[in-house]
Amino acid sequence: MRLLALAAMSWLSLQAAPAPAAEPGCAGAAAARPQVLEAMGRWYQALRTDDPAAFAAETTPDFKAFDGGGVYPGASLSAAVKAAHATGKIFTWSMDDPQVRIDCHSAWVTYVNHGAVTTAAGTKPVVWLESAVLVLQDGRWRLAFFHSSPASPAG
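Its first residue numbered 515, the sequence shown is counted upward by one per residue in our numbering.
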């Protein structure tokens with residue numbers, strides 16, 4: 515029982531701990547924020563334009579996404595968006611108020627996506643809560659993970 519109590523206290527102390535400072539030698543981490551957001555923008559552009567080569571350039575080989583209740587490994591998210599475009603769906607995406615946390619070789623981005631889905635029936639505004647994890651590989655930021663959930667309607 516004592517071990518369980520110690521484990522719980524350790525977990526709670528980690529949850530309340532302030533964000534760690536960048537490691538020594540990572541002084542440029544805060545300056546990387548624009549590069550991280552630019553990588554996110556290029557990734558969205560690849561999805562908008564059905565460009566699988568650009569999508570691959572902006573993601574890691576082991577990229578995974580959780581979106582719309584599904585799991586999309588590798589390029590399967592790009593293929594799913596392309597298939598939706600083929601049916602006439604148009605997605606409008608935004609990255610409103612992105613919060614970026616960076617350490618030496620990884621970044622975590624959270625934001626609200628005020629967007630829309632347009633079909634032949636019209637345009638439906640949609641709000642998604644999204645996050646992404648990027649890693650620095652060969653001097654470039656690439657998405658390793660993406661998650662999107664529809665926001666709950668205001669009640």
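C-beta atoms are modelled at their ideal positions from N, C-alpha and C, and glycine is treated no differently.
Remember, it's a predicted structure, so these values are computed and weren't measured experimentally.
Check                                                                                                                                                                            : Outcome
How far does the beta strand (DSSP E) with residue 636 in it reach, from first residue to last?                                                                                  : 636-651
Please identify the residue among 631, 620, 641 whose C-alpha is closest to the C-alpha of residue 549.                                                                          : 620
Evaluate residue 585 with the Cβ neighbour count: other Cβ atoms within 10 Å of its Cβ, from every protein chain shown; 16 or more gives buried, anything less gives exposed.    : exposed
Drop a sphere of 10 angstroms on the beta-carbon of residue 655, count the other beta-carbons inside from all chains shown, and report buried for 16 or more, exposed for fewer. : buried
Could you tell me whether the Cβ atoms of residue 611 and residue 595 are closer together than 8 angstroms?                                                                      : no
Give the range of the beta strand (DSSP E) segment to which residue 566 is assigned.                                                                                             : Counting along the chain, residue 566 falls outside any beta strand (DSSP E), though it belongs to the alpha helix (DSSP H) covering 566-571.
From the DSSP secondary-structure annotation, give me the bridge partner or partners of residue 661.                                                                             : 580, 645
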